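Residue 193 in the working numbering is what sits at position 207 of the sequence shown, and the numbering runs on without skipping anything.
C-beta atoms are modelled at their ideal positions from N, C-alpha and C, and glycine is treated no differently.
None of these values were measured; they are calculated from a predicted model.
Please read the structure below before turning to the comments.
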Amino acid sequence: MSGGTDSSVAALLLQDAGYEVTGITFRFYEKENDTEYLEDARALCERLNIPHLTYDVRDTFRKTIIDYFINEYMAGHTPVPCTLCNNYLKWPLLKKISDEMGIYHFATGHYVRRRFINGCYHITTGADPDKDQSFFLWGLPQEILQRMLLPMGNLTKARVREIAAERGFLKAAHKRDSLGVCFCPMDYRTFLHKELPEGSILPGKFFDEMGNFIARHKGYPFYTIGQRRGLGIDLNRAVFVKEIIPAENKVILSDLKALEKTEMRLKEWRITNPALLLNKDDIIVKIRYRKQANRCTVTLQPDNTLHVQLHEPLTAIAPGQAAAFYRDDVVLGGGIII
């Protein structure tokens, strides 16, 4: 329970359904020691007359998520902290604590659903396409999937706010949605400057594909594959980041067509049921949370990576990003792009 609208209404709905509910709030990251969210979650649990626990994992979150986030940008990659947090920290922690307390089910305010298909549980998309979070949950194992409760999956965000207001939880009803990464919701560049020692990020040079110098830049970690805005240059034509070369502090720019690729490889993948995914020609791959979907064929390679053959070219494929596989509304698996 983050103290926000979604987890608050999730607790309400679970209690309405007859479950004996315990609320837990993870202390992952607290900007400027702001703990108002803890008070909000505690107050809600008091109104529902349910126990409320807090679990301090700030050190683990820093080592597992924040340090990874920084290191990926310094390697010229595009990190996916929300995917890693969900698959390797948040849900496994819920299971661990539930096991310790003798509690079978665990739930969150995620806008996703779950379905049992051919002997396996799968994440499926939420009813609200604007809030669907299935893209982030491709890495969960069966031991977690089979115990999940997802009370928000069939609801829209508008209806969730109505429920909170109808029940008199006005603060929860009107809370603003969190945007972006929780520990740097706006500009990651400012966050990197604050976290890294002075001199870690130095000005460098933009080049074109032929190796011709174009302009100076502020430091390669401040740019991502496919970026167009915020380059700080005016060439009277659209250019995009095609490649980042950390060892030389170089950023290569090109037109959009040069960013098109027809294949990619994945590491650290997880497939819920290989028979539904591998070597099929009707798979959809997404490398972005919203507004992108491409047909592909996925094969397992001898080096234990996944090869993704795209049926149509896709731009801005960046190392470090996540790729999630779907058939219709069903999440079949995913991995990290290398």
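Three-state secondary structure assigned by DSSP to residue i
i: residue 299; result: strand
i: residue 250; result: strand
i: residue -2; result: helix
i: residue 134; result: strand
i: residue 49; result: helix
i: residue 10; result: strand
i: residue 69; result: helix
i: residue 56; result: helix
i: residue 63; result: coil
i: residue 244; result: helix
Cα-Cα separation, residue i to residue j
i: residue -11; j: residue 188; result: 39 Å
i: residue 193; j: residue 232; result: 13 Å
i: residue 308; j: residue 120; result: 12 Å
i: residue 106; j: residue 18; result: 43 Å
i: residue 63; j: residue 25; result: 37 Å
i: residue 240; j: residue 212; result: 9 Å
i: residue 177; j: residue 104; result: 45 Å
i: residue 284; j: residue 292; result: 7 Å
i: residue 223; j: residue 214; result: 11 Å
i: residue 276; j: residue 71; result: 19 Å
i: residue 234; j: residue 197; result: 13 Å
i: residue 44; j: residue 170; result: 15 Å
i: residue 73; j: residue 32; result: 30 Å
CA nearest to the CA of residue i, picked from the options
i: residue 158; options: 22, 310, 299; result: 22
i: residue 201; options: 207, 214, 241, 221; result: 221
i: residue 102; options: 282, 128, 61; result: 128
i: residue 210; options: 197, 196, 87, 227; result: 227
i: residue 28; options: 93, 40, 20; result: 40
i: residue 94; options: 87, 77, 265; result: 77
i: residue 230; options: 261, 195, 256, 248; result: 195
i: residue 55; options: 30, 208, 271; result: 208
i: residue 184; options: 205, 198, 45, 146; result: 205
i: residue 133; options: 118, 166, 90, 279; result: 90
i: residue 246; options: 263, 255, 299; result: 299
i: residue 92; options: 50, 142, 9, 313; result: 9
N-terminal and C-terminal residue of the beta strand (DSSP E) that residue i is part of
i: residue 225; result: Taken as a continuous stretch (DSSP letters only), residue 225 belongs to no beta strand (DSSP E), as it is neither H nor E.
i: residue 143; result: No beta strand (DSSP E) contains residue 143, which is instead part of the alpha helix (DSSP H) from 143 to 152.
i: residue 188; result: Counting along the chain, residue 188 falls outside any beta strand (DSSP E), and DSSP gives it neither H nor E.
i: residue 201; result: 199 to 203
i: residue 38; result: 38 to 42
i: residue 103; result: 98 to 103
Beta-bridge pairing of residue i - partner residues as DSSP gives them
i: residue 88; result: Beta-bridge pairing links residue 88 to no other residue.
i: residue 229; result: 238
i: residue 256; result: 320
i: residue 268; result: DSSP, once it has assigned bridges, lists no residue as partnering residue 268.
i: residue 308; result: 322
i: residue 170; result: 167
i: residue 280; result: 271
Limits of the alpha helix (DSSP H) - the one that residue i falls within
i: residue 108; result: Counting along the chain, residue 108 falls outside any alpha helix (DSSP H), though it belongs to the beta strand (DSSP E) covering 106 to 111.
i: residue 23; result: 22 to 34
i: residue 157; result: 156 to 160
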